[in-house]
Each structure stands twice: as structure tokens, then as C-alpha cells.
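Visitor: First residue of the sequence shown: 953, per the numbering used here; consecutive thereafter. For glycine and all other residues, C-beta sits at the position ideal for the given N, C-alpha and C. Computed from a predicted model, the values in this text were never measured in an experiment.
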Amino acid sequence: MRKKSLIVAALYFLIFSVIVAQDQPRKKVGVVLKGGGAKGFAHIGALKVLEEAGIPIDYIAGTSMGAIVGGLYAVGYDANKLDSMATTQDWLYLLSDNTPRENLPSVLKDASDRYLISLPYEVEFKKKSGKLSLPSGMIMGQNLYNLFLNLTIGYQDPIHFDDLPIPFGCIAADIRTGKEVPLREGVLAQAMRASMAIPGMFAPVEMDSMLLIDGGIVNNYPADLVKAMGADVIIGVTMLPDKDAKEKYKGSMVEVISGLANFLDKQKEEENIRNTDVLIAVDTRPYGTMSFEDDAVDTIIRRGEKAAREKWNELMALKTSLGITDSEPFKPEIVNPYINMDTLEINSIRFTGLSPKESVEMLKRIQIKHNKITRKDLETLTSQIYATGMFTSVVYQLKGDSPFDLIFEVEKKDFRTLNLGLRFDTEDVAAILANTTIRTASSLNSVIDVTTRLSKNPYLFLNYYINKGIFYRGGISYTLSRNEIDVYNRGQRSHSFGITRNSLNLNFSEFYFHNTRLHLGINFDYCHFFSTLTNHTDFQRMGLNNKLYVNYFLEGVFDNLNKNYFPTTGQYFSFRYTLHTDNFYQMNDDLPLNVLNMRCLKPIKITDKWCLTPEISGRTFFHAPDSMPLIYYNFVGGKFDSHYLPQQIALPGSGGMEILKNSFLKLQADIHYQLTSKQHVYANFNVAVHNDKALKIFDGKYFTGANIGYSHLTVVGPLTVEIGYTDLSKKVHAYLGIGHYF
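1. In angstroms, rounded to a whole number, what distance separates the CA positions of Asn1497 and Pro1581?
2. Are the beta-carbon atoms belonging to Glu1363 and Thr1389 less than 9 Å from one another?
3. DSSP state of Asp1294, grouped into three classes?
4. When you compare the CB positions of Asp1229 and Ile1276, do they come within less than 9 Å of one another, or not?
5. I'd like the list of long-range same chain contacts for Leu1047, defined as Cβ closer than 6 Å, with 5 residues on each side in sequence excluded.
6. Looking only at C-alpha atoms, which of Val1509, Asp1534, Ile1675, Phe1465 sits nearest to Ile1474?
7. For Ile1020, count neighbouring Cβ atoms within 10 angstroms of its own Cβ and tell me buried if that reaches 16, exposed if not.
8. Out of curiosity, what's the CA-to-CA distance linking Val1673 and His1692?
9. Apart from the five residues just before and just after Leu1553, which ones in its own chain have a Cβ nearer than 6 Å to its Cβ?
10. Thinking just about the alpha-carbon of each residue, which of Tyr1596, Thr1104, Ile1601, Gln1626 is nearest to the one in Thr1559?
11. Just verifying my parser: in three-state terms, what is the DSSP assignment at Ile1422?
12. What residue ranges within the segment 1085–1136 form continuous alpha helix (DSSP H) runs of no fewer than 4 residues, ordered along the chain?
13. Alpha carbon to alpha carbon, what distance is there between Gly1661 and Val1668?
14. Based on Cα-Cα distance, which residue from Met1144, Ala1125, Arg1405 lies nearest to Ser1161?
15. Please go through the same chain and pick out, in chain order, the residues whose beta-carbon is closer than 6 Å to the beta-carbon of Ala1635, but skip the five residues on each side of it.
16. Whole angstroms is fine: what's the gap from Ala1658's alpha carbon to Gly1106's?
17. Tell me, to the nearest whole angstrom, how far the beta carbon of Ile1601 is from that of Asp1593; I am working on the premise that it is less than 8 Å.
18. The beta strand (DSSP E) with Tyr1660 in it runs from where to where?
19. Whole angstroms is fine: what's the gap from Ala1686's alpha carbon to Lys1613's?
20. Take the Cβ of Ile920 as the centre, count every other Cβ of all protein chains shown within 10 Å, and call the residue buried at 16 or more, exposed below.
21. Terminal residues of the continuous alpha helix (DSSP H) containing Arg1145?
22. In angstroms, rounded to a whole number, what distance separates the CA positions of Arg1255 and Ile1320?
23. Nearest-angstrom Cα distance between Gly1121 and Ala1383?
24. Between the Cα of Lys1244 and those of Gly989, Asn1171, Thr1656, Asn1172, spot the shortest distance and give me the residue it belongs to.
25. I'd like to check one pair, Asn1409 with Asp1380: are the Cβ atoms closer than 9 Å?
26. Under 9 Å between the Cβ atoms of Val983 and Gly1023?
27. Applying the criterion that 16 or more other CB atoms from any shown protein chain within 10 Å of the CB defines a buried residue, is Gly1167 buried or exposed?
28. If we count the other Cβ atoms within 10 Å of its Cβ and call it buried at 16 or more, is Asp1176 buried or exposed?
29. Which word fits Phe1536, buried or exposed, when buried means at least 16 other C-beta atoms lie within 10 angstroms of its C-beta?
30. Quick check: Ala1026 and Pro1119, are their CB atoms within less than 9 Å of each other?
31. Helix, strand or coil for Arg1066, going by three-state DSSP, please let me know.
32. Apart from the five residues on each side of it in sequence, which residues of its chain come closer than 7 Å, Cβ to Cβ, to Ala1576?
33. According to DSSP, simplified to helix, strand and coil, what is Ile1150?
34. Rounded to the nearest angstrom, what separates Thr1489 and Leu1472 at their Cα positions?
35. Here's a check: name, in chain order, each residue in its chain whose Cβ is nearer than 7 Å to the Cβ of Gly1570, leaving out the five neighbours to either side.
36. Check for me: the beta strand (DSSP E) holding Ile1675 runs from which residue to which?
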């Protein structure tokens, strides 16, 4: 009987133990993602394997790039969606404050690539003081922040991050106190942005009384944070150190950014790693912190997947310890309806940060059909508002549920910027461009623009204009230029002259709408010739007179090219019709000089690498008096249109300008091949013809030309090497330059 009682008791104890074990909750799993810039894309590959293994993720935390991947995973983006997103983004654009050229106002498109740096400055005239200051970061983070907002629609209100589909946390550092700041609540996109604000590269994020920067300098692998959130088991993803990186990136920004890790509390990081149950260490070599190129991103993701698979047995053992069997795999159910919501319904639109009058003015610029907008169009609209140059920051918030209240939070520029450009080439040797735009304190619409070029052909440009309504702009501008111009005849310099030009424009009406601009005005042009040198007997009879000319003009531009250099989409068309007079209605006691300029080009993308751009341009006189002023002749040649004279038409392969007959037409084909995202090889082929009579242009004199070149986009602009030949100059011409053209 006693033996039977012991057996029964043992059975009861076993049954009780099984019941207790079944009622005992599963251990909670936390995932930690280390910071590391572009190397952090390895997290996506590791998450892909965790999903495949069926490992539950109850908490997720990260720093810097780990915060970005972790935050997006927390709102419901699975590893495959993150992979697709990461490999299709233009990271070079996102890691800048640049605006896509197609989103710029038409009047700003040509100037979009000119400047290397912008330095804020303040001038207080009443106090007779001023100062030039450095920005808090090279990049304000406009593009990256708006990407985060787009990807976190539905979670843009201030919330506790425990309320996300997966509880989330990230680390930032407070400059003002030097302390670590765990971010567990607030606006998710702002927290992600703060955690990756690399000092000196990205501007810090103001939050409450704190000024936050990249958390990687205080806690780059926050296993302690995910443990404090409630994790019992920790899976971590880190990157193996690159022993060769120190020498490879010595003296570069990559070394500076990577070197921030030297300020870490090494003991804390070592303790965090010791507290990790499964550590996935990814070998990302030779890729580094700033390896954001397309092929690098894809490879780093694959490396993360490979490293996680090498931990497969450990992951399976962990899964078993959690009580999850293969017959009953763990399937997380995360429902985020906003991820696949492409079209957003809008209830109302308003601005914060503007006066009521300014808000009304800005709302006139926004047109949403049927109160609906796609996510892509919302991103474009935000970019277009930022592209006006009125604001240092433009972000949006979608309040409530669909239909949303769309709120644009803008920060008006309360400072001015000094913009600087630099270029070296075989034409001008060296040139510096300086610009500042001043908006009056009383209105967003009143603007003073000052630009000067310092080179052997300098100029000063002053422009004051007022925007009225959506489409209209009017004002006054003044240009003072000094040029010493060489004129060639069949490649041999025949004469040269120096000219100081004072040009005043009264802009009666400038109609503009995004990609289109129509401009009507009157131009007062005073030309002073200060030197002449000629081998041409008729040169002095060409109208070398110090004289004031009064010119009426109508010009129009349609321009939606995606780039200034090597465009691949869009098209460009421009015309300018001018009546030149010397007494308001005549030229040399005869009819006004009638001139028409036109240019049209259309890139045609043949493959992902090849692009063909046909172009046609020309200039013709409809009435040309015998004593027409030299300054308005057809000047053809050189590398850039309008470089020395407004009417100059460039001709690839030529070394200088030549004076041609009254009607000129050029047909050109440019073809370029993209070696990498920054390198191109290209060729230009052209056929040109000129004649005195416009209607008989094709009976005129023909000449052909060709040009081949290589371009590499550097931090200071494109490095260009070219060699070409044209029948016009009858000699081979070489060109070398670095920097954006201005």
C-alpha cells in the first residue's frame, strides 16, 4: 500500500508540474541592434533569419542606424520590406539637404548645384554688429527626417513606445549634460533622427531642454536598455571591427565618425555583450560607416543574413528553451494598416510657425485634388515647400485617423546664409562665387538676392523682387560685369575687346508655375569698351560705341530635367524674343533689331547605364541693320552657354568664340554612359550651319564637331577631362576643370 501511495503521489506531482509549466509565461525576447552607419544595414539580414527561425521578438532597441532599423521594425515593417526599402533608396540624396531638381522653383533650378557650403550669419544694423557662424551640422536632416515621417504614418503623435506593435527604445546623448538619454516616448521619427545625429555631420535635435546627438558616443550597443524594458533573453547584432580601417580612412571624415566610438564606456559595452544570450557578429569588411552605395547596401544586408545563419543551432536551442516547437511555429501578428496605405485622405491643411497672412499665402501654393494625396506626392509637396528657400525646416504631421488633418510645421529662416562656390578650369583658371539671399522681416514674399563672381571675368548681380499670389513675380535687377573677350577666326585669334557692362532690368511680369516661367520686361544696357586689339580691318566698324541700349524682351522656359549634369529624364525648352533699340523705338535711326533665341533638349534613357540627349539650338535676326552693334552679334563657341556674353552659344570641341552670320542653327547629340553613380564617360556630336538669311539657313555654311570626356563627381563638384575638335576652329581643343559651373 505504501508503495502504491508513493506512485500515486509521484503521478500527482508530475501532473501538477506540467500544469504549472504550461501556465508559466514564456520568457520575453529582446533584440539589440548596434550603431554603425551603413554597416547597420546588416541588421536587416539578421532580422530576416530570426523571422525564418520563428524567434519571437517582444522588445527591440538600438542606437543610430540600429535605431532606424529597430524603429521601423517596431511599427510593422518586416525584414523583406526593410530590404526592399533599403536597396531602393537614394541614400546620397537622403544624407543631404538637397532638393530634387524637379521640385525646385523654375528660377532656382540652374543654381541648385553651384554652392559648396552655406554659412549662417546675422547682421543687426541698429546695433551696428554682425557675425558669421558655423552651422550646428553640415546636414540639417531635412530629407532623412521626412523619410522617417513617411514610413511612420499612423504613429506621428507623441506616444509611449511601449504602445507600438513591438515595444521600442533607442539611445541618444545630451550635449548639454553629457549624459545618455534613453528615448522611450515622444514622436517616433524624431527619436530615430536624434539617435543618429552624428556630431558635426548632422545637426543635433532640440527636444525639451536637451540638445540630442548620436547615442553611439555613450551606448552604441544598448543591451541594458532592452533588459530594462523587460527582456529575459537577449539577441544582439553587432559588427566585427575592421583592423585595416584606421589606416585606410586616415585623415578622412570616415575616421572622425568611426573614432567617436573611442569615447564609449568600454566596460559598459563589454558588460552589455556579456549579457547577450545569442550574439550575431557581422563581418562587413571592406565596407565602412559611409558605404551607402547601392551595391554596398545590398552586400551588407547579405552579410548580416550569413552571420545570422551561422548562429542557426543557437537560435534553434533558444527557440526550444522558449517552449516553441517546430510543429507550432511562432507567428507574430503585427497589423499596421498604414504600411500599405498609398493614398491618404486629407480633411484639412494648415501651417504652424507662420502668421495667419503667411499661412493663407502658403496654402495658395498647395493643390490637392479631391482631398486625396499619395505618400509619394506628399513627400514631393514637402520638398517643394522646403525648396522655396524660406525655411530651415519643413516637416508634416498627419493628425487623427483617416481622413487626416495635414499639418506642416515650418521654421522660418531667422538668419541669412553666405553661399560659396569654387571652380578651377582651363578657361577661367580659378573662380569664386558668393551669394546671399535676404528676406525682409515683414514678409516671405519680398526678397533681395546678391551674387558675385570673382574671376578674370567678374560680375555683380543685385536682384529685388516681390512675389504676389501663386504665379506672379515682379521687381528690378542690376548686373555689373567686366569681360575681356577674345574673338577667333577659324581658330586663330583675330581681335579682342574689353567691355564693362551695366545692365538694369525692370521685370514687369514674371509668370511662373513650378516647371514653367514666362518673363516680360525692359532692359537698359550700357556698354563701355575700355580696350581693343584687332587684326581685322572691319572690326572698328562693328559698333564699338560706348552707348546705352533700351531692349524689350519676352522669354519663356519649361524645364523639368532631373539633373543639371547628365540628366536622364524630363525635357528643356527655352526661347527669348528681344527688340533692341538705342532710343526706345529705333536702332541707328532704323527699325529695332529683332532677335530670337531658342534651345530644346530631351534626354532619352536607353538602358539603366546609357542615355542619349538630342538638342537643337539657334539664334537669328529678323531685322539686322548694317551698323548693328557688335555686342549683339552671334557669338558661337566655348564650353558653356552665356559664359562671356548672354547670347553666347556653346559648341563642344571648340576653344573660343567666333562671330558668325545673322542666323545660326546647331544640332547636337550627347550620349553618356554611367560607370558608377559618380562617374560618367560621354561624347558630343554636332552639326552647325550659319547664313545671313533665316529662311535660307540650310543653304549656308556647315561645320561639324565632336567631343569626348570623362567626369567624376567629387565633394567639390565634377572633375571633367575633355578633348574635342570642330571644323569651326580647325584644331584639337582640350579642357580640364573641377567644380560646379557658374
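Guide: To lay it out plainly:
1. Stepping through the sequence shown from its first residue, residue 1497 is reached at position 545. Stepping through the sequence shown from its first residue, residue 1581 is reached at position 629. Whole-angstrom Cα-Cα distance: 8 Å.
2. The residue you call residue 1363 lines up with position 411 of the sequence shown. The residue you call residue 1389 lines up with position 437 of the sequence shown. The answer is no: Cβ separation not under 9 Å.
3. Stepping through the sequence shown from its first residue, residue 1294 is reached at position 342. Coil, per DSSP.
4. Counting from one through the sequence shown, the residue named residue 1229 turns up at place 277. Counting from one through the sequence shown, the residue named residue 1276 turns up at place 324. Contact: no.
5. Residue 1047 sits at position 95 when you count from the first residue of the sequence shown. By the criterion of a C-beta distance shorter than 6 Å, Leu1047 is surrounded by no residue of its chain, once the five residues flanking it on both sides are discounted.
6. As a working note, residue 1474 is residue 522 in the sequence shown. Here the closest residue by C-alpha is Asp1534.
7. Taking the first residue of the sequence shown as 1, we reach residue 1020 at position 68. By the neighbour-count definition (other C-beta atoms within 10 Å, threshold 16), Ile1020 is a buried residue.
8. Counting from 1 along the sequence shown, the entry for residue 1673 is found at position 721. Counting from 1 along the sequence shown, the entry for residue 1692 is found at position 740. Taking the straight line from one Cα to the other gives about 14 Å.
9. Here residue 1553 is taken as the residue at index 601 of the sequence shown, counted from 1. Within the same chain, Tyr1524, Thr1565, Glu1567 come within 6 Å of Leu1553 by CB-CB distance, once the 5 residues on both sides are set aside.
10. Stepping through the sequence shown from its first residue, residue 1559 is reached at position 607. Nearest of Tyr1596, Thr1104, Ile1601, Gln1626 to Thr1559, Cα basis: Gln1626.
11. Numbered from 1 along the sequence shown, position 470 holds the residue referred to as residue 1422. In this prediction, Ile1422 scores a pLDDT of 47, lower than 50, which makes its location untrustworthy; the coordinate-derived value is nonetheless stated afterwards. Coil at Ile1422, not helix or strand.
12. Secondary structure in the segment 1085–1136: the alpha helix (DSSP H) runs of 4 residues or longer, each lying completely within the stretch, are 1094–1103 in chain order.
13. Translated into the one-based positions of the sequence shown, residue 1668 becomes position 716. Translated into the one-based positions of the sequence shown, residue 1661 becomes position 709. Val1668 and Gly1661: Cα-Cα distance of roughly 19 Å.
14. Your numbering for residue 1161 matches position 209 in the sequence shown. Minimum Cα distance to Ser1161 is reached at Ala1125.
15. Start at 1 with the first residue of the sequence shown, and residue 1635 comes out as number 683. If you ignore the 5 residues before and after Ala1635, its C-beta comes within less than 6 Å of the C-beta of Ile1623, Ile1660, all in its own chain and listed in chain order.
16. Taking the sequence shown and counting its residues from 1, the one referred to as residue 1658 is at position 706. Taking the sequence shown and counting its residues from 1, the one referred to as residue 1106 is at position 154. For the pair Ala1658 and Gly1106, the Cα-to-Cα distance works out to about 56 Å.
17. What you label residue 1601 is simply residue 649 of the sequence shown in a count that begins at 1. What you label residue 1593 is simply residue 641 of the sequence shown in a count that begins at 1. Contact flag correct, Cβ pair sits at about 6 Å.
18. Residue mapping note: residue 1660 aligns to position 708 of the sequence shown, counting from 1. Here residue 1660 is Ile; the residue named in the question, Tyr, does not match the sequence. Counting along the chain, the beta strand (DSSP E) containing Ile1660 begins and ends at 1653–1666.
19. Here the question's residue 1686 lines up with position 734 in the sequence shown. Here the question's residue 1613 lines up with position 661 in the sequence shown. One C-alpha to the other measures close to 26 Å.
20. Nothing can be reported for residue 920, as the shown portion of the chain is limited to 953 through 1694.
21. Looking up residue 1145 in the sequence shown gives position 193. 1140–1147 is the span of the alpha helix (DSSP H), which, as asked, contains Arg1145.
22. For the purposes of this step, residue 1255 is taken as residue 303 along the sequence shown, with counting starting at 1. For the purposes of this step, residue 1320 is taken as residue 368 along the sequence shown, with counting starting at 1. Roughly 43 Å separates the two Cα atoms.
23. As a first step, residue 1121 must be located in the sequence shown, where it is residue number 169. As a first step, residue 1383 must be located in the sequence shown, where it is residue number 431. Between Gly1121 and Ala1383, the C-alpha separation is close to 50 Å.
24. Taking the first residue of the sequence shown as position 1, residue 1244 is located at position 292. For the record, residue 1244 in the displayed sequence is Phe; it is not Lys. Of the candidates Gly989, Asn1171, Thr1656, Asn1172, the one whose C-alpha sits nearest the C-alpha of Phe1244 is Gly989.
25. As a first step, residue 1380 is located in the sequence shown; it is residue number 428 there, counting from the start. As a first step, residue 1409 is located in the sequence shown; it is residue number 457 there, counting from the start. Yes.
26. Mapped onto the sequence shown, residue 983 falls at position 31. Mapped onto the sequence shown, residue 1023 falls at position 71. Inclusion of Val983 and Gly1023 in the CB contact set at 9 Å is not warranted, their separation being larger than that value.
27. Position 215 of the sequence shown holds residue 1167. Gly1167 comes out buried.
28. Indexing the sequence shown from 1 puts residue 1176 at position 224. Buried: at least 16 other Cβ atoms inside 10 Å.
29. In the sequence shown, the residue the question calls residue 1536 occupies position 584. Looking at its Cβ environment, which holds fewer than 16 other Cβ atoms inside 10 Å, Phe1536 is exposed.
30. For the purposes of this step, residue 1026 is taken as the residue at position 74 of the sequence shown. For the purposes of this step, residue 1119 is taken as the residue at position 167 of the sequence shown. Ala1026 is a Cβ neighbour of Pro1119, given a cutoff of 9 Å.
31. Position 114 of the sequence shown, counting from 1, holds the residue named residue 1066. In the structure shown, Arg1066 sits in coil (DSSP, three-state: anything other than H, G, I, E or B).
32. Position 624 of the sequence shown, counted from the start, is the residue given in the question as residue 1576. Excluding residues within five positions, the ones whose Cβ falls inside 7 Å are Leu1545, Asn1614.
33. As a working note, residue 1150 is residue 198 in the sequence shown. Residue state for Ile1150 is assigned as coil, using DSSP reduced to three classes.
34. By one-based count along the sequence shown, residue 1489 stands at place 537. By one-based count along the sequence shown, residue 1472 stands at place 520. Bear in mind that the predicted position of Thr1489 carries a pLDDT of just 47, short of 50, making it unreliable; the figure below should be weighed with that in mind. Distance between Thr1489 and Leu1472, taken at the CA atoms: about 39 Å.
35. Here residue 1570 refers to the residue found at position 618 of the sequence shown. Sequence-distant partners of Gly1570 (beyond 5 residues in either direction) whose C-beta falls short of 7 Å from its own C-beta, in its chain, are Met1550, Phe1616, Leu1617, Lys1618.
36. Translated into the one-based positions of the sequence shown, residue 1675 becomes position 723. Counting along the chain, the beta strand (DSSP E) containing Ile1675 begins and ends at 1669–1678.
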